[in-house]
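Peer 1:
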């Protein structure tokens with residue numbers, strides 16, 4: 002049984018793959034690559050909408066109700082907690098976790114199966130670069146899809162929270178929403194989407210690396226998928242922590 | 711067919727293309743070139759090897775030349791991608807758009823020449839080669855070369871593991887290619903064991 006690559010090997014692999022994909026970004030304009038990008042964006046994004054919407058509605062209602070019970074409706078603190086906690090922090094994080102659990106596993110196992118069946122050699126013999134056709138569309142798809150899913154999560158979560166507060170506290174929706182919008186910071190909204198884009202690209206990169214590096218055996222597919230999800234989760238939290246520090250020092 | 715040669719051990723090959731001639735020689739020896747194939751003359755050659763590793767090395771070396779199209783026993787298309795996607799990659803990736811709007815018609819014709827009906831080709835387009843029998847995979851690989859013929863078509867052990875009765879579609883495909891492109895060169899790479907079962911026969915043209 003082959004041992005897992007060391008952390009240094011993995012980091013080097015991620016960096017090299019990122020560099021190779023960045024150098025070939027112009028290939029994204031090719032019709033076949035564009036078609037592959039749309040296909041992967043559909044798989045990673047459109048099909049994740051139901052679970053994203055459901056989790057957003059449940060989390061938003063629960064969290065905002067709890068915060069209201071703690072801090073009261075007429076409280077700037079509560080509104081800022083909703084904005085920073087739910088909107089800026091939890092929404093990108095939970096959306097990233099959804100994408101890691103669904104798309105990361107799918108990408109890694111798909112690429113590992115292709116390696117098992119020697120499709121990489123077949124594509125090279127067709128003179129199709131693997132970076133252009135296999136890796137770049139997947140990385141770009143996640144980089145585009147994750148901010149969109151994050152935005153949808155934010156809107157549904159906050160909306161369901163407002164609805165919950167309005168119903169429980171017998172307040173008008175306009176009153177609840179108005180206080181939130183007064184305190185919302187557009188720059189932090191954009192920062193949350195930028196964080197999601199970077200996280201999406203990194204998740205795609207890690208998934209592609211482990212799928213590509215898997216040994217051509219059935220056992221290696223499961224191992225590669227596990228490593229991809231594990232490292233993807235670590236990456237999500239590392240970026241989350243770094244962005245929190247960045248915001249802290251910027252303020 | 712001509713130029714049947716045998717080798718004992720030759721794991722390394724030197725393959726060159728100069729002045730419209732492809733030269734295949736044993737890498738380690740200084741002897742005269744093993745095989746020379748002139749492009750555009752419609753020559754059909756065969757190289758019979760005793761070792762599978764030697765054949766693998768030769769096929770890999772030949773596949774690096776842009777003039778060569780390699781057609782292995784499994785057809786050469788990616789096994790896990792749908793047939794339509796694989797053919798689109800093979801025929802249109804970074805190519806001159808010289809096929810234009812007629813490439814659909816040429817593709818349809820190529821499917822017909824390989825023995826597929828319109829309904830069969832539509833159904834096959836959505837399937838993956840992984841789920842298809844070997845002969846059908848090979849015929850799909852040939853479809854690609856009927857639309858865009860290479861200057862030298864290399865048939866890599868296409869008869870390996872086939873009973874003589876099963877080889878009919880393969881022989882037919884080879885005859886169709888030669889009939890359509892009589893000036894395109896062809897090289898068969900066979901293993902000695904398979905060559906004994908599929909003795910060289912005159913090409914049959916449909």
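Residue numbers (the numbering used here), protein chains in the order written: chain S, 2 to 252; chain D, 711 to 916. All C-beta atoms in this analysis are idealised placements derived from N, C-alpha and C, irrespective of residue type, glycine included.
Name, going along the chain, the residues of the segment 741-757 of chain D whose beta-carbon falls closer than 7 Å to a beta-carbon of chain S.
Peer 2: none
Peer 1: For residue 101 of chain S, collect the residues of the same chain with a Cβ closer than 8 Å to its Cβ; drop the 5 residues on either side in sequence, then sort them by chain order.
Peer 2: 204, 230, 233, 234, 237
Peer 1: Which same chain residues end up closer than 6 Å to residue 817 of chain D when comparing Cβ atoms and leaving out the 5 residues on each side of it in sequence?
Peer 2: The beta carbon of residue 817 of chain D sits closer than 6 Å to those of 857, all from its chain and outside the five residues before and after it, given in chain order.
Peer 1: So, using beta-carbon positions, are residue 34 of chain S and residue 137 of chain S closer together than 8 Å?
Peer 2: yes
Peer 1: Counting only beta-carbon separations shorter than 8 Å, does residue 789 of chain D have a partner in chain S?
Peer 2: yes
Peer 1: Hey, how far is the Cα of residue 116 of chain S from the Cα of residue 840 of chain D?
Peer 2: 13 Å
Peer 1: Between residue 123 of chain S and chain D, is any beta-carbon pair separated by less than 8 Å?
Peer 2: Yes, contact with chain D.
Peer 1: Taking the beta carbon of residue 200 of chain S as the centre, do at least 16 other beta carbons fall within 10 Å, making it buried, or is it exposed?
Peer 2: buried
Peer 1: Could you compute how far the alpha carbon of residue 195 of chain S sits from the alpha carbon of residue 149 of chain S?
Peer 2: 11 Å
Peer 1: With a cut-off of 8 Å, does the C-beta of residue 871 of chain D fall near any C-beta of chain S?
Peer 2: It does not; no Cβ of chain S falls within 8 Å.
Peer 1: In angstroms with no decimal places, state the Cα-to-Cα distance between residue 901 of chain D and residue 791 of chain D.
Peer 2: Using only the alpha carbons, I get a separation of about 29 Å.
Peer 1: Under the three-state reduction of DSSP, which class applies to residue 825 of chain D: helix, strand or coil?
Peer 2: coil
Peer 1: Return the bridge partner residues of residue 864 of chain D from the DSSP annotation.
Peer 2: D/780, D/897
Peer 1: Assign residue 235 of chain S to one of three DSSP states: helix, strand, or coil.
Peer 2: helix
Peer 1: Along the chain, which unbroken stretches of the alpha helix (DSSP H) at least 4 residues long are found entirely within the segment 59-145 of chain S?
Peer 2: 77-81, 92-100, 106-117, 120-126
Peer 1: Within 10 angstroms of its Cβ, does residue 243 of chain S collect 16 or more other Cβ (buried), or is it exposed?
Peer 2: exposed
Peer 1: For residue 118 of chain S, which residues in chain D fall below 7 Å Cβ to Cβ?
Peer 2: 789, 790, 840
Peer 1: Cβ of residue 46 of chain S within 8 Å of Cβ of residue 146 of chain S?
Peer 2: yes
Peer 1: Specify, as a first and last residue, the run of the beta strand (DSSP E) that residue 733 of chain D falls within.
Peer 2: 731-736
Peer 1: Does the beta carbon of residue 114 of chain S come closer than 8 Å to any beta carbon on chain D?
Peer 2: yes
Peer 1: Distance check for residue 246 of chain S and residue 32 of chain S, CA to CA, integer angstroms please.
Peer 2: 40 Å
Peer 1: Give me the Cβ distance between residue 660 of chain D and residue 769 of chain D, rounded to the nearest whole Å; I'm assuming they're in contact under 8 Å.
Peer 2: For residue 660 of chain D there is no data in the structure shown, the boundaries of chain D being 711 and 916.
Peer 1: Which of helix, strand or coil does DSSP assign to residue 726 of chain D?
Peer 2: strand
Peer 1: Any idea if residue 39 of chain S is buried or exposed, counting beta-carbon neighbours within 10 angstroms, 16 or more meaning buried?
Peer 2: exposed
Peer 1: Sort D/866, D/853, D/850 by Cα distance to residue 765 of chain D and report the nearest one.
Peer 2: For residue 765 of chain D, the closest of D/866, D/853, D/850 by C-alpha to C-alpha distance is D/866.
Peer 1: In angstroms with no decimal places, state the Cα-to-Cα distance between residue 893 of chain D and residue 871 of chain D.
Peer 2: 30 Å
Peer 1: Step through the CB atoms of chain S and report whether any lies within less than 8 Å of the CB of residue 863 of chain D.
Peer 2: No, residue 863 of chain D lies away from the interface with chain S (no Cβ there is under 8 Å from its Cβ).
Peer 1: Starting from the beta carbon of residue 786 of chain D, find every residue of chain S whose beta carbon is closer than 9 Å, and list them in chain order.
Peer 2: Within 9 Å Cβ-Cβ: 123, 126, 127.
Peer 1: Could you compute how far the alpha carbon of residue 859 of chain D sits from the alpha carbon of residue 124 of chain S?
Peer 2: 18 Å
Peer 1: With distances taken between CB atoms, is the gap from residue 141 of chain S to residue 15 of chain S smaller than 8 Å?
Peer 2: No, the Cβ-Cβ distance between residue 141 of chain S and residue 15 of chain S is not below 8 Å.
Peer 1: Comparing the C-beta of residue 131 of chain S with each C-beta of chain D, is any distance below 8 Å?
Peer 2: Contact with chain D is absent for residue 131 of chain S, since none of that chain's Cβ atoms lies less than 8 Å from the residue's Cβ.
Peer 1: With DSSP as the reference, please indicate the residues paired to residue 746 of chain D in a beta bridge.
Peer 2: D/733
Peer 1: With residue 265 of chain S as the anchor, note down where its alpha helix (DSSP H) starts and where it stops.
Peer 2: Nothing in the structure corresponds to residue 265 of chain S, since chain S is present only between 2 and 252.
Peer 1: CB residue 734 of chain D to CB residue 749 of chain D, shorter than 8 Å?
Peer 2: no
Peer 1: What's the C-alpha gap between residue 175 of chain S and residue 156 of chain S?
Peer 2: Rounded to whole angstroms, residue 175 of chain S and residue 156 of chain S show a C-alpha spacing of 15 Å.
Peer 1: For residue 802 of chain D and chain S, any beta-carbon pair shorter than 8 Å?
Peer 2: yes
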